[in-house]
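S.K.:
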């Protein structure tokens, strides 16, 4: 389980060094294979390959094979996505298209541990978004539900 945050920068080859706690969690629990993609184009998502395969199987449900909504999402994920391996120094490559669109090159990025995956976002943009859209009491009500993934009756 990935938790917390850290900061990282990209090198000139488009790799970022995974912070030590996240690197240890990834290699000990999942190995070094990852899938890097995005859902919005504004951040990069780094999935351990085992976790990515769960998402992938849901997206490739035979009953949804010709569903245009599923196809749209599959195409988006494939366009930005790539499988890669964390190297011996804990570096992970993010393809140039995703780095450019998410503004990850040349600036500090925040690495967030979001349970089953990591999220990389331009630190300046992330902090601006946090200030512009703070957590409210209404947002916190989700935590009072017996099962936060299900709406209250």
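Numbering (my numbering), first residue to last: 640 to 792.
Ideal placement from N, C-alpha and C gives every residue a C-beta, glycine not left out.
In whole angstroms, what separates the C-alpha of residue 656 from that of residue 776?
M.R.: Answer to the nearest angstrom: the Cα atoms are 36 angstroms apart.
S.K.: When DSSP labels each residue in this structure, what does residue 709 get in the three-state scheme?
M.R.: Here residue 709 sits in helix by DSSP.
S.K.: Using DSSP bridges, identify the partner residues of residue 693.
M.R.: Answer is none; residue 693 lacks a bridge partner.
S.K.: When you compare only the Cα positions, how much space is there between residue 689 and residue 669?
M.R.: Cα to Cα, residue 689 sits roughly 7 angstroms from residue 669.
S.K.: On the three-state DSSP scale, how would you describe residue 698?
M.R.: In this structure, residue 698 counts as helix in the three-state DSSP scheme.
S.K.: Can you tell me where the alpha helix (DSSP H) with residue 661 in it begins and where it stops?
M.R.: Residues 659–668.
S.K.: Check whether the segment 671–679 and the segment 712–725 touch, using three or more Cβ-Cβ pairs below 8 angstroms as the test.
M.R.: Yes: the two stretches touch, three or more of their Cβ pairs being nearer than 8 angstroms.
S.K.: Buried or exposed: where does residue 779 fall if 16 or more other Cβ atoms within 10 Å of its Cβ makes it buried?
M.R.: Its Cβ having fewer than 16 others within 10 Å, residue 779 is exposed.
S.K.: Looking at the unbroken beta strand (DSSP E) that takes in residue 687, where does it start and where does it end?
M.R.: Counting along the chain, the beta strand (DSSP E) containing residue 687 begins and ends at 683–687.
S.K.: How would you write the range of the beta strand (DSSP E) that residue 758 sits in, first residue to last?
M.R.: Where residue 758 is concerned, the enclosing beta strand (DSSP E) stretches over 757–761.
S.K.: Around the Cβ of residue 652, are there at least 16 other Cβ atoms within 10 angstroms (buried) or fewer (exposed)?
M.R.: Burial call: exposed.
S.K.: Between the C-alpha atoms of residue 716 and residue 784, what's the straight-line distance to the nearest angstrom?
M.R.: Approximately 31 angstroms, taken between the alpha carbons.
S.K.: Where do the ends of the beta strand (DSSP E) carrying residue 730 lie?
M.R.: Looking at the DSSP string, the run of the beta strand (DSSP E) that includes residue 730 is 730–732.
S.K.: Note the first and the last residue of the continuous beta strand (DSSP E) segment covering residue 751.
M.R.: It spans 748–754 - the beta strand (DSSP E) in which residue 751 sits, taken as one unbroken run.
S.K.: Cβ of residue 750 within 8 angstroms of Cβ of residue 646?
M.R.: Yes, Cβ-Cβ distance for residue 750 and residue 646 is below 8 angstroms.
S.K.: Using a 10 Å radius around the Cβ and a threshold of 16 neighbouring Cβ atoms, would you call residue 699 buried or exposed?
M.R.: Answer is exposed; the Cβ neighbour count stays below 16.
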